Structure formats: structure tokens, C-alpha cells
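In this note's numbering, the protein residues as written are 188 to 378.
Here's the structure we're looking at; comments come further down.
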């Protein structure tokens, strides 16, 4: 339990943080650091996704798939206008709006962020959402209707990209933090 609290962190209490004025001077720089972590993680996830997609389009698109682990894992460039497994290809504009809304919510939530694990989780979500939103805005067939570049193809599963991976990892981390009772503002609650 102590190890989990060390990793996840717990909020400062008045007994441990000092007086209220001390809390204010400590909390603001700490909150700014968490926001910096959020945006650094988002930038890293976004740039990794963008770079991988540029490489895939330049070197893999219109070529035979590359077997990484036999039939079990291949790199295969596809364009996906829908969601996972190609569902909802007629709703590309809706996926674009959802991604934009997620980005706005995360940026607004960042102001109240005092938890490092939440900063990492939200950074992964933000970077992944930005990666796929970039495809939907700038790739053909047109603005808000662009197809996402997917290329990681496990056998018997949907083809996905690094943005999708960042979104899933961020979502799993959020679920774990919620089960742990840690809120984005750093408070811990027991239900």
C-alpha cells in the first residue's frame, strides 16, 4: 500500500503541507509542473504517432505487409475512415467532432490538475486524440473526412496505430486511477 501511494501520490494535508499560505505557494508551481508533464507526454505521443505515420505512408503504403512476428504481427498500411475494425465509416465527421471535444475537455481539465499519474494519462489521451484528429483534418478525401493511417496488424484483431495505443493506455490508466480513488486534483477518496 505504501508503495502504491508513493507511485500514485497522495494529496498534501494541512498537517504535512504547512499553513494555508504555504499550501498556496507550493500548490501553484506543483500544478504547473503537472500541466507541463501533461503537455510533454501529449507532445511525445503526438510526435511519435505523426513520425510513424509519415514513415508508413512513405515506405509501406502500396507495398506488401512486413511480417514482424510471422503471421501473428504484421506492419500493413491501411486507411481507416471509421473507428476500430472499420465500423462507422459513414460517420467520419462525428469522430472528428468527438476527438476535438476530447481535446477541449482535457485542456480545460488541465487547470485543475495536481496529480502526476492523471497528467500522464491525460497526456496520452491528448496526444492520441491529436494524432488521429490530424489525420481526419489533413488526409484525403478531405477536411474532417480524412482517413486515419493504421499499420499495426495483429492476427485476428483490428489494425491500429500509435495514437490508438496512446488512447487505450491513457484510458486504462484512468480506470486504474479511478479504482484507486485518485482524482485529477490530487485528492484521494475512499468509497
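Just so you know, even glycine gets a beta-carbon here, dropped at the ideal spot from N, CA and C.
On a predicted model such as this, the values are computed, not experimentally measured, just so you know.
Residue i bridges to which residues according to DSSP?
| i | result |
| --- | --- |
| residue 375 | 369 |
| residue 266 | 336 |
| residue 260 | 256, 341 |
Could you check whether residue j and residue i sit closer than 8 angstroms to each other, using their CB atoms as the reference points?
| i | j | result |
| --- | --- | --- |
| residue 239 | residue 317 | no |
| residue 329 | residue 353 | no |
| residue 321 | residue 225 | no |
| residue 228 | residue 307 | yes |
| residue 264 | residue 282 | no |
| residue 312 | residue 257 | no |
| residue 339 | residue 331 | no |
| residue 319 | residue 345 | no |
| residue 223 | residue 268 | no |
Within 10 angstroms of the Cβ of residue i, are there 16 or more other Cβ atoms? Answer buried if so, exposed if not.
| i | result |
| --- | --- |
| residue 336 | buried |
| residue 221 | buried |
| residue 295 | exposed |
| residue 347 | buried |
| residue 259 | exposed |
| residue 289 | buried |
| residue 343 | exposed |
| residue 379 | Since the first and last residues shown for the chain are 188 and 378, residue 379 lies out of range. |
| residue 243 | buried |
| residue 377 | exposed |
- For the segment 288–308 against the segment 231–247, are there 3 or more C-beta pairs whose distance is under 8 angstroms? The answer is no - the segment 231–247 does not touch the segment 288–308, with fewer than three Cβ pairs under 8 angstroms.
- For the segment 359–369 and the segment 250–262, state whether three or more C-beta atom pairs, one from each stretch, are separated by less than 8 angstroms. Touching, no, given that fewer than three Cβ pairs across the two stretches are closer than 8 angstroms.
- Task: Give, in chain order, every unbroken run of the beta strand (DSSP E) that is at least 3 residues long and sits entirely within the segment 300–353.
- Result: Taking only runs of at least 3 residues, the beta strand (DSSP E) segments lying wholly in the segment 300–353 are 335–341.
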